[in-house]
Amino acid sequence: MGSILAEVFLFPVDTVKLIVQTSTMKNGSGFFAVMGNILQEKGIGGFYKGLGAAILKEAVHSFNFWIWHGLLFQGFSHADDTSRTPTSARLVLNLIAKQLNWLCTVPFEVISSVNQLSPDSPGFLSTAVLLYQNQGIGTFYRGLAVSLVLAINPAIMNTLITTFLGLGLLQECLLGLITKTLVIMDLLQLGQQPLSPNLWPRLLHIH
Numbered sequence: 004m005g006s007i008l009a010e011v012f013l014f015p016v017d018t019v020k021l022i023v024q025t026s027t028m029k030n031g032s033g034f035f036a037v038m039g040n041i042l043q044e045k046g047i048g049g050f051y052k053g054l055g056a057a058i059l060k061e062a063v064h065s066f067n068f069w070i071w072h073g074l075l076f077q078g079f080s081h082a083d084d085t086s087r088t089p090t091s092a093r094l095v096l097n098l099i100a101k102q103l104n105w106l107c108t109v110p111f112e113v114i115s116s117v118n119q120l121s122p123d124s125p126g127f128l129s130t131a132v133l134l135y136q137n138q139g140i141g142t143f144y145r146g147l148a149v150s151l152v153l154a155i156n157p158a159i160m161n162t163l164i165t166t167f168l169g170l171g172l173l174q175e176c177l178l179g180l181i182t183k184t185l186v187i188m189d190l191l192q193l194g195q196q197p198l199s200p201n202l203w204p205r206l207l208h209i210h
């Protein structure tokens, strides 16, 4: 629930981030310039194009993470994810859970991102079919290595929050908001050099 609320809250930032990342060097614009262009050309609704697919992606991502989290802590920690388990052990288990989660769900991230950037945002299933037809199965795993590296941030945050707070609903919402923000900030830094100008036109060639 917390991660889904965070997705909705930060979706406009995520939209701008994706456009900044996928712009070519010739047409590249800064974060606030892109935000202004969206607002001028499409209004507020332009920030929320593709939100439905993003919510589906985030729901699957969150559910899958807590499945892996539960299995790992039940199997390797007698005290579960609490302060009675050494911090280092909890950090490692949280990191593994997050990386296993990405291995399962990175296709959802790719589909959601392409749908979000596509001019007509055809929807999750239509985007998935068209990506497979145009690029094959490998296209669903673009960016997997980066996602596995970036898993350390939410793993650290999850370890710290459960150390001090425990996961009630309010804390879960806070965790989702903070981790989503951290990932966006990391991707913005990685995206200072735009992605290959030849890649995204092909991925976004959806009729």
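Numbering (the working numbering), first residue to last: 4 to 210.
Ideal Cβ positions, reconstructed from N, Cα and C, are used throughout, including at glycine.
- request: Return the first residue and the last residue of the alpha helix (DSSP H) that I47 is part of.
  value: Note, I47: premise wrong, no alpha helix (DSSP H); not H, not E.
- prompt: To which residues of the same chain is Q86 closer than 7 angstroms at the C-beta, ignoring the five residues directly before and after it?
  reply: The amino acid at residue 86 is misidentified as Gln; the sequence shows Ser. The residues are T166.
field: Meets three-Cβ-pair contact criterion under 8 angstroms: the stretch 70–79 and the stretch 96–107
entry: yes
task: Inspect the CB distances between the stretch 48–60 and the stretch 75–90 and report whether three or more fall short of 8 angstroms.
output: no
- request: Could you pull out every unbroken alpha helix (DSSP H) segment of at least 4 residues lying fully inside the stretch 38–118, listed in chain order?
  value: Counting only runs that start and end inside the stretch 38–118, the alpha helix (DSSP H) elements of at least 4 residues fall at 54–79.
field: Cβ-based neighbour list, Q43, same chain, cut-off 8 angstroms, excluding 5 preceding and 5 following
entry: None.
- request: May I have the straight-line CA-CA distance separating G39 from V23, to the nearest angstrom?
  value: C-alpha separation (whole angstroms): 12 angstroms.
- prompt: Taking the Cβ atom as the reference point for each residue, do L96 and S121 lie within a distance shorter than 8 angstroms?
  reply: no
query: Secondary structure at S150, three-state DSSP: helix, strand or coil?
result: The answer is helix: DSSP assigns S150 an H, G or I state.
Sequence-distant residues of the same chain with beta carbon closer than 8 angstroms to F14, five excluded per side: F50, Y51, L54, A57
Classification of S150 by the beta-carbon crowding that lies within 10 angstroms, buried from 16 upward: buried
- request: Return the CA-CA distance between L21 and F111, expressed in angstroms with no decimal places.
  value: 15 angstroms
- request: Could you check the C-alpha separation between I114 and L75 for me, to the nearest Å?
  value: 28 angstroms
task: May I have the straight-line CA-CA distance separating A148 from V109, to the nearest angstrom?
output: 10 angstroms
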